Amino acid sequence: MPETKTVLRSQLYAQVWQQSMVQLAKSYAISDVGLAKLCRKHDIPRPARGYWARRQAGQSPRQTPLPNPDEDYEIPMRDPDPLAGSPTGVNKALQQELQKGCKDNSPIVVAETLRGAHELVSQANQLLQGADKGDDGFIVVPKEAGLDLHVSKSTLRRALLIVDAVLKAFEKRGYKVSSGPKVRVMDVHVSFGISETLEKKREELDDHDLDGRYDFFHSRYKETRIPSGHLALNITGPPLYWSGMCRHTWRDAKKPLEERLQSFIEGVLKFAARVKDRRVQEEREEEERKEKEKRREEEAKLRAEKLALVKAERKRVQALCRDARNWKRSQTIRDFIEARRQLQFSNDSNEFEQWVKWAEQQANRLDPLKESPHSILDEYTPDLEPPAPRRW
Numbered sequence: 005m006p007e008t009k010t011v012l013r014s015q016l017y018a019q020v021w022q023q024s025m026v027q028l029a030k031s032y033a034i035s036d037v038g039l040a041k042l043c044r045k046h047d048i049p050r051p052a053r054g055y056w057a058r059r060q061a062g063q064s065p066r067q068t069p070l071p072n073p074d075e076d077y078e079i080p081m082r083d084p085d086p087l088a089g090s091p092t093g094v095n096k097a098l099q100q101e102l103q104k105g106c107k108d109n110s111p112i113v114v115a116e117t118l119r120g121a122h123e124l125v126s127q128a129n130q131l132l133q134g135a136d137k138g139d140d141g142f143i144v145v146p147k148e149a150g151l152d153l154h155v156s157k158s159t160l161r162r163a164l165l166i167v168d169a170v171l172k173a174f175e176k177r178g179y180k181v182s183s184g185p186k187v188r189v190m191d192v193h194v195s196f197g198i199s200e201t202l203e204k205k206r207e208e209l210d211d212h213d214l215d216g217r218y219d220f221f222h223s224r225y226k227e228t229r230i231p232s233g234h235l236a237l238n239i240t241g242p243p244l245y246w247s248g249m250c251r252h253t254w255r256d257a258k259k260p261l262e263e264r265l266q267s268f269i270e271g272v273l274k275f276a277a278r279v280k281d282r283r284v285q286e287e288r289e290e291e292e293r294k295e296k297e298k299r300r301e302e303e304a305k306l307r308a309e310k311l312a313l314v315k316a317e318r319k320r321v322q323a324l325c326r327d328a329r330n331w332k333r334s335q336t337i338r339d340f341i342e343a344r345r346q347l348q349f350s351n352d353s354n355e356f357e358q359w360v361k362w363a364e365q366q367a368n369r370l371d372p373l374k375e376s377p378h379s380i381l382d383e384y385t386p387d388l389e390p391p392a393p394r395r396w
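Residue 5 is where the sequence shown starts when you use the numbering used here, and the numbers rise one by one after that.
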């Protein structure tokens with residue numbers, strides 16, 4: 005791996021305002037997009053749109069000063085890794101997969117004939133020879149074809165040749181392909197397909213026949229969409245809500261699609277690595293959630309057990325205080341009985357002794373250290389009370 009260049013923050017700021025981002029990025033062997041990200045990351049202002057045109061016109065446009073110029077440190081000049089800082093460590097696995105996928109530097113050559121094509125391509129070719137054409141101009145592909153095709157008859161052969169080259173390239177790099185088509189990368193099944201883009205066709209309308217049905221038109225032209233002959237490879241799955249950050253489509257552009265197959269394969273590998281990274285992260289988050297839930301349940305159980313002990317202890321303390329109060333009340337009653345004995349002047353000793361016996365029973369009922377005798381008060385129930393008087 006080549007050594008990464010470094011530059012001081014103040015030097016990079018000066019260079020950004022001396023030449024365009026595209027030229028400066030080439031001198032560091034990185035992309036202009038990566039250079040722009042580095043500038044944003046390190047708070048380095050860049051020229052606004054039209055800056056270089058104004059300078060060429062002889063003007064002196066204003067240069068934005070560098071914020072916090074005292075913070076002058078070395079910046080490694082490399083494209084920011086989209087998976088850098090991944091907590092799951094899949095970024096390292098991605099690099100290994102990319103090295104594995106790019107190990108064969110030989111270009112991916114699209115065959116000129118379908119003889120010896122991949123089994124999935126041969127099967128689809130046989131099924132699609134007599135296929136019908138839909139209203140949109142594309143071939144109606146049956147599910148048994150095993151390929152995701154959305155093309156017209158004029159581009160069918162080219163589309164099959166491209167898919168054939170892609171499937172063989174994946175297998176050559178050690179990846180398993182299956183019907184769909186799907187390729188298995190890092191235990192992730194990535195599905196892809198090939199489609200033909202549509203283009204607008206503008207037709208001038210004929211003069212209206214006054215004898216026939218009258219239609220209202222907002223213009224004298226009618227636009228329809230027809231197959232364009234341009235193809236695109238698309239990653240179609242697995243469908244994930246966050247996958248918008250990944251590249252999904254490779255189209256015919258300045259270079260034909262046949263010359264962009266290596267880029268497509270690397271894109272599939274990156275997509276699979278992102279999916280794997282996301283799944284591992286979600287599994288880790290789920291484990292952490294379960295662990296937190298388990299800790300919450302254990303803490304709730306401990307709190308419930310502690311609360312039960314507190315309630316039991318509080319109940320014992322309340323019973324102790326109640327028994328102590330009742331014991332003191334029973335002692336007071338016994339002292340009162342003894343005082344009545346000393347002050348007894350009545351000749352009816354039998355009635356007094358009965359009262360003393362009853363009073364001692366009440367003292368014993370209150371005394372927690374004595375066996376409580378039976379009392380009619382123990383038989384009290386609320387239904388014995390007369391109903392309360394009704395108020396009008």
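Glycine included, C-beta positions come from ideal geometry on N, C-alpha and C.
Owing to the predicted nature of the structure, the values given are computational and were not obtained by experimental measurement.
Item                                                                                                                                                                          : Value
On the premise that residue 239 lies in contact with residue 252, defined as a C-beta separation below 8 angstroms, what is that separation, rounded to the nearest angstrom? : 5 angstroms
May I have the straight-line CA-CA distance separating residue 44 from residue 230, to the nearest angstrom?                                                                  : 43 angstroms
Would you kindly report the start and end of the unbroken beta strand (DSSP E) that includes residue 255?                                                                     : 253-255
Going by other Cβ atoms of all chains shown within 10 Å of its Cβ, with 16 needed for buried, is residue 173 buried or exposed?                                               : buried
Going by the beta-carbon positions, is the gap between residue 10 and residue 81 smaller than 8 angstroms?                                                                    : yes
My understanding is that residue 207 touches residue 232, with C-beta atoms under 8 angstroms, so please give their C-beta distance in whole angstroms.                       : With a Cβ gap of about 16 angstroms, residue 207 and residue 232 do not count as contacting.
Of the choices 390, 386, 362 and 388, whose alpha-carbon is the least far from that of residue 378?                                                                           : 362
Rounded to whole angstroms, what's the CA-CA distance from residue 115 to residue 37? Just pull it up for me.                                                                 : 35 angstroms
Which term fits residue 17, buried or exposed, when burial requires 16 or more other beta carbons within 10 angstroms of its beta carbon?                                     : buried
Identify which residue in 393, 62 and 169 has its Cα closest to the Cα of residue 261.                                                                                        : 169
With residue 11 as the anchor, note down where its alpha helix (DSSP H) starts and where it stops.                                                                            : Note, residue 11: premise wrong, no alpha helix (DSSP H); beta strand (DSSP E) at 9-12.
Could you check what DSSP says for residue 174 in three-state terms: helix, strand or coil?                                                                                   : helix
For the beta strand (DSSP E) containing residue 25, list its first residue and its last residue.                                                                              : No beta strand (DSSP E) contains residue 25, which is instead part of the alpha helix (DSSP H) from 25-31.
Check each candidate in 227, 187 and 303 and name the one with the smallest Cα separation from residue 203.                                                                   : 227
When we look at the beta-carbon of residue 254 and count the other beta-carbons within 10 Å, is it buried (16 or more) or exposed?                                            : buried
Hey, how far is the Cα of residue 143 from the Cα of residue 197?                                                                                                             : 14 angstroms
Near residue 28, what residues of its chain come up, given a Cβ to Cβ distance below 7 angstroms and the 5 sequence neighbours on each side ignored?                          : 19, 20 and 39
Looking at the secondary structure, which residues open and close the beta strand (DSSP E) in which residue 182 lies?                                                         : 180-182
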